[in-house]
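*Asks:* 3 is the number of the first residue of the sequence shown in the working numbering; add one for each residue after it. The beta-carbon is built from N, C-alpha and C at its ideal position, and this holds for glycine as well.
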Amino acid sequence: MLRRYEMPWRRAYELYAAIAWASDLLWLLAVGLPGWVHPRLALPLAVLCLVLCLRRLGQALRVLTLRASLVGRAMQTIDTLALARWCKAPEQVFLGFGFEWQPQHSQRLYELAKIDYRPLLTPPRVLRWLGYARPPQPDAEIGLPYLHGVEPQEHALYRPLQNFEGGTLLVGTTQSGKGVALATLITQAVRRGDVVVILDPKNSQRLKRVVERACQDYREPGTFLEFHPAFPERGVRLDFTFNWQKPTEIASRIQSVLPPDTGGAFAAFAWDAVNVVVQALVELEERPNLRKLTQAIEGGIEPLLERSLARYYAQQLGLDWREHPTVKKLLDDARRGKLKRPSEAASAELLALVSFYEHHLPAAQRTKVLDAQVRTFRHNREHYQKITANLLPILSMLTSGDLGRSLSPDPFDPDDTRPIMNFEKIEHAGHVLYMCLDALPDPAVATAIGALALADLAARAGMRYNLGGGRRIALFVDEVANVINAPLIELLNKGAEGGIYTTCAMQTLADLAERLGSEHAARKALGNFNNLIALRSKDRPTQDFIIETFGKTAIHTLRHGLSVGADAHIGDFSSSHSTTVIEGLEERIPADMLGKLPNLQYFASVSGGRLLKGRFPIIEPAP
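1) Let me know if L405 comes out buried or exposed under the rule of 16 or more other beta-carbons within 10 Å of its beta-carbon.
2) Between which two residues does the alpha helix (DSSP H) harbouring N468 extend?
3) What does Q155 pair with, by DSSP beta-bridge criteria?
4) Measuring only the C-alpha atoms, how far is A232 from L493?
5) Is it the case that the stretch 270 to 290 contacts the stretch 304 to 313, given that we only count it when at least three CB pairs across the two stretches are under 8 Å?
6) Strictly by DSSP, which residues pair up with H579?
7) If I follow the unbroken alpha helix (DSSP H) through K496, where does it start and stop?
8) According to DSSP, which residues form a beta bridge with Q317?
9) When the Cα atoms are used, what is the spatial distance from P261 to T510?
10) Taking only the alpha-carbon atoms, compute the straight-line gap between V49 and R42 and give it to the nearest angstrom.
11) Here's the rule I'm using: 16 or more other beta-carbon atoms within 10 Å means buried, otherwise exposed. How should L56 be labelled?
12) Hey, I502 and I475: beta-carbon distance below 8 Å or not?
13) Short of 7 Å in beta carbon distance, which residues of its chain neighbour I144, apart from the five on each side in sequence? Order them along the chain.
14) How should P411 be labelled, buried or exposed, when 16 other C-beta atoms within 10 angstroms of its C-beta is the threshold for buried?
15) So which of S565, Q297, A527, D513 has the shortest CA-CA distance to R542?
16) Once the 5 residues before and after A453 are set aside, which same chain residues still bring their CB inside 7 Å of it?
17) Give a yes or no on contact between the stretch 539 to 558 and the stretch 584 to 594, applying the rule of three or more CB pairs nearer than 8 Å.
18) Taking its Cβ as the centre, do 16 or more other Cβ atoms sit within 10 Å of E304, making it buried, or is it exposed?
19) Which runs of the beta strand (DSSP E), 3 residues or longer, sit entirely within the stretch 308 to 383?
20) Label R462 either buried or exposed according to how many other C-beta atoms from any shown protein chain fall within 10 Å of its C-beta, with 16 as the threshold for buried.
21) From what residue to what residue does the alpha helix (DSSP H) around C51 run?
22) Starting from A476, trace the beta strand (DSSP E) in both directions and tell me its first and last residue.
23) Closest to H430 by CA distance: which of P327, P290, G195, V33 is it?
24) Hey, would you say A350 sits closer than 8 Å to R337, going by beta carbons?
25) Taking C-alpha atoms, which residue in V128, T170, R239, P46 lies nearest to G529?
26) Might you give, ordered along the chain, the residues of its own chain that have their beta carbon closer than 6 Å to the beta carbon of Y7, omitting 5 neighbours on each side?
27) Which two residues bound the contiguous beta strand (DSSP E) that contains K615?
28) Along the chain, where does the beta strand (DSSP E) containing I252 start, and where does it finish?
29) Use the C-beta contact count for I11: other C-beta atoms within 10 angstroms, 16 or more gives buried, fewer gives exposed.
30) May I ask which residues mark the beginning and end of the beta strand (DSSP E) holding V173?
31) Is the distance from the Cβ of I200 to the Cβ of V182 below 8 Å?
32) Taking P344 as the reference, which of E325, F379, K330 has the closest Cα?
33) Taking the alpha helix (DSSP H) that Q109 falls in, what are its first and last residues?
34) Using 8 Å for Cβ pairs, my map puts F2 next to Y160. What's the rounded Cβ distance?
35) Quick check on the burial criterion: 16 or more other C-beta atoms within 10 angstroms. Buried or exposed for E499?
36) So who's on the other strand from N532, going by DSSP bridges?
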């Protein structure tokens, strides 16, 4: 069954018909009341004229109302108190104002794309007469106003919170409204009482103010926490290696710092190098942190190995193990230079201890942890440095200066009174953590910090998944192309099972493809998002990705045909006219329209294909 074809973008011809029927009604009343026409004839005709007049007037008003809505909607500002009134139900997510996009809206949009809409705009006086109370979009604003005007009636948009378990993607070019959208969603998460973690590579001051004010309005004092690499004194210290169930988790966490396109062999060796150090520190009953790991990888395994062997011999041979005849002989040989020295950092005592472990200790008494350390010790130093070249610079940046004291906190430092936090403490206390990564002056460090934070959070999600329970965590990542890594993809894929709701924002598909190595890898990562909110986007591959998500619908196309013919006989003439309505499948939203969206306006695919057209209000703190 074909949908009825409509064309509202025209003159309201029905109004002319309504005026004509009203004139007929008045004439019948004028001739019927004096009795010039018999009442039995005049009265039914007058009633018929009234009915037809009202019918045509209703049709005309519908056309005029649709045309009136073409002026769009100006940007709207609401305070946090007004937002609270709109967000009364905690299990509903407020998505601004708009309407659900239906096939008739696509039809109207395709028809508008064929014509110049400006002659159809309604004068302001007529707008007020039609009850258009909201201010129209000013001409100075970016974007076409009629994209929101294809539907005259808008309402508050809500979707159940459970629809956002599978991850939400915000796509939009710069200054299109991603920050405002994030502010709206973050404020609601704070109000719900969620644990909120925000990764902001560019340090948006406005977003930070909104989050701070939301914490003041809806949460207890001290809820808001800040981390900023450039201003460590006003924030907290974060220990990304504090929480773990298996030592190998720390190695995987550090490996996530490497770029996604790092070769498999190099990444595997980097993981092994970190794991050897972590296992050694655990055996020595020391808590691993970034600074200790960096010192062992950059400076060499020798100090750790010497301490590990001395501790092991004390356990196996007793406290007087140095008096063992073989050990004493090896020590004497080492001091005389009879033992080969693999590196300059190896002391004579270490050479003797390693030689005793390799040649005089029974295989049954050896341990995998010590075997790994000895293997690293015997490894060619030059080759070791080459194969860890991708890892060492990043670790050095993360452990130098004030940043090192912030990411490798010393709880016994009397001069540093900043709180030491980790994601377990943040979760249990219900904090809101705002992490500015400071990507503009130092993108490499920003990427590394973000990758570590996401890896630690993914590990926390695994613990929650295994143990159950825990407060809901809302994770927001702005400029996701700067920090995306395997742990974030795992969070998108499986994080909902651990109670983590993830929202990411990006500008273009190309940014993500550059980070991940290919467009195929980027699309694979984006496939983990169940919801898509698309603001203005100028990049064609990004537009194609968005419209593919939105799907297609049937669009009616009106075709006119005219033919004229004549033969040789005078007066013989023929003509014909035909009108055909053709139905074909087209994109629900034309791709080029995504580049013409006004600021703060969006198309969204949520809840398994439900398409929304909406606009986000600007949230300002209440006075």
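*Replies:* In this structure, then:
1) So L405 counts as buried.
2) Note, N468: alpha helix (DSSP H), 445 to 469.
3) Listed as beta-bridge partners of Q155 by DSSP are no residues whatsoever.
4) Taken atom to atom, the span from the alpha-carbon of A232 to that of L493 is near 28 Å.
5) Segment contact: the stretch 304 to 313 against the stretch 270 to 290, three or more CB-CB distances shorter than 8 Å; contact assigned.
6) When DSSP reads this structure, H579 sits in a beta bridge with L564.
7) First-last of the alpha helix (DSSP H) with K496: 488 to 496.
8) For Q317, no pairing in a beta bridge is given by DSSP.
9) P261 and T510 have their C-alpha atoms some 19 Å from each other.
10) Rounded to whole angstroms, V49 and R42 show a C-alpha spacing of 11 Å.
11) By the 10 Å Cβ count, L56 comes out exposed.
12) The beta carbons of I502 and I475 sit closer together than 8 Å.
13) Setting aside the 5 residues that flank it on each side, I144 is surrounded in the same chain by P600, N601, each with a C-beta closer than 7 Å to its C-beta; the list follows chain order.
14) Around the beta-carbon of P411, 16 or more other beta-carbon atoms lie within 10 Å, marking it buried.
15) Check the Cα spacing between R542 and each of S565, Q297, A527, D513: the tightest is with D513.
16) These residues qualify, in order along the chain: S258, V259, V485, N487.
17) Result yes; three or more Cβ-Cβ pairs closer than 8 Å.
18) The residue is buried, with at least 16 neighbouring Cβ atoms inside 10 Å.
19) Here no run is fully enclosed.
20) R462 should be labelled buried.
21) Note, C51: alpha helix (DSSP H), 41 to 70.
22) That run of the beta strand (DSSP E) goes 475 to 479.
23) With distances taken between Cα atoms, H430 lies closest to G195.
24) By the CB criterion at 8 Å, A350 and R337 fall inside the cutoff.
25) With distances taken between Cα atoms, G529 lies closest to T170.
26) The beta carbon of Y7 sits closer than 6 Å to those of H558, V583, all from its chain and outside the five residues before and after it, given in chain order.
27) DSSP places K615 in the uninterrupted beta strand (DSSP E) bounded by 612 to 617.
28) I252 -> not in any beta strand (DSSP E); alpha helix (DSSP H) instead, spanning 250 to 257.
29) The question names Ile, but residue 11 in the sequence shown is Trp. Of the residues assessed, W11 falls on the buried side of the cut-off, its CB having 16 or more other CB atoms within 10 angstroms.
30) Per DSSP, V173 belongs to the beta strand (DSSP E) from 170 to 173.
31) Going by beta carbons, I200 and V182 fall outside the 8 Å limit.
32) Cα-wise, what sits closest to P344 is F379.
33) Looking at the DSSP string, the run of the alpha helix (DSSP H) that includes Q109 is 105 to 114.
34) Residue coverage of the chain in this structure runs from 3 to 625, which leaves residue 2 outside it and unanswerable.
35) The residue is exposed, with fewer than 16 neighbouring Cβ atoms inside 10 Å.
36) Answer is none; N532 lacks a bridge partner.
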